[in-house]
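Using mature numbering (1 follows the signal peptide of the UniProt record, and there is no 0), the letters of the sequence shown correspond one by one to residues -25 to -1, 1 to 83. Backbone N, C-alpha and C define an ideal beta-carbon position, used for all residues, glycine too. What follows is a set of notes on a single structure, which appears directly below.
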Amino acid sequence: MKGVITLTLLLVLLGLMWETRMVGALLNASQCKEERRIGINACKAVIHGRLPSPECCERVRVSHVECVCPEITPKLAALVDVNRAIKLIQGCGRRVPRHYKCGSLTTP
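Below, the structure written as structure tokens:
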């Protein structure tokens, strides 16, 4: 179960980091935690080999990068197939910039 949560979180995290938006006010810790929880729940099917659902893609588009990047530790980054994650994120309509650093992860 921990692996499923970790990989789901990573997909959400990767998707989130590619849309940096200006935010009027920073979210507090509990708001960020809730945002991550919603994203993880919306994207669980991806771990089972399915494509992201419309709900998952929506979470990828609306979540805040400042809630996500601090969660990408070296241990979490080591579990990710970055190329697969990028393809899934692009399938949600997001551009993926090259050499973007988010936590301990940098895109190719």
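ask   = Mapping DSSP to helix, strand and coil, what is Cys31?
value = For the purposes of this step, residue 31 is taken as residue 56 along the sequence shown, with counting starting at 1. DSSP, reduced to helix, strand and coil, places Cys31 within a helical segment of the structure shown.
message = If I follow the unbroken alpha helix (DSSP H) through Gly66, where does it start and stop?
response = Residue 66 sits at position 91 when you count from the first residue of the sequence shown. In the DSSP annotation of this structure, the continuous segment of the alpha helix (DSSP H) that includes Gly66 starts and ends at Val57 to Gly66.
inquiry  = Per the DSSP calculation, Cys77 is bridged to which residue(s)?
reply    = Along the sequence shown, read from residue 1 onward, the residue named residue 77 stands at position 102. Paired residues: Leu80.
task = Taking 8 Å as the cut-off, decide whether the C-beta atoms of Pro27 and Val21 are in contact.
result = Here residue 27 is taken as the residue at index 52 of the sequence shown, counted from 1. Here residue 21 is taken as the residue at index 46 of the sequence shown, counted from 1. Closer than 8 Å, so yes.
request  = Following the continuous alpha helix (DSSP H) through Asn16, name the residue where it begins and the one where it ends.
outcome  = By one-based count along the sequence shown, residue 16 stands at place 41. Where Asn16 is concerned, the enclosing alpha helix (DSSP H) stretches over Ala4 to Ala17.
message = Using C-beta distances below 6 Å, list every residue in its chain close to Ala17, excluding the 5 sequence neighbours before and after it, in chain order.
response = Here residue 17 corresponds to residue number 42 of the sequence shown, with the count starting at 1. The beta carbon of Ala17 is closer than 6 Å to those of Glu30, Cys31 and Arg34 in its chain, skipping five residues each way along the sequence.
task = For the alpha helix (DSSP H) containing Pro49, list its first residue and its last residue.
result = For the purposes of this step, residue 49 is taken as the residue at position 74 of the sequence shown. Its alpha helix (DSSP H) spans residues Pro49 to Ala52.
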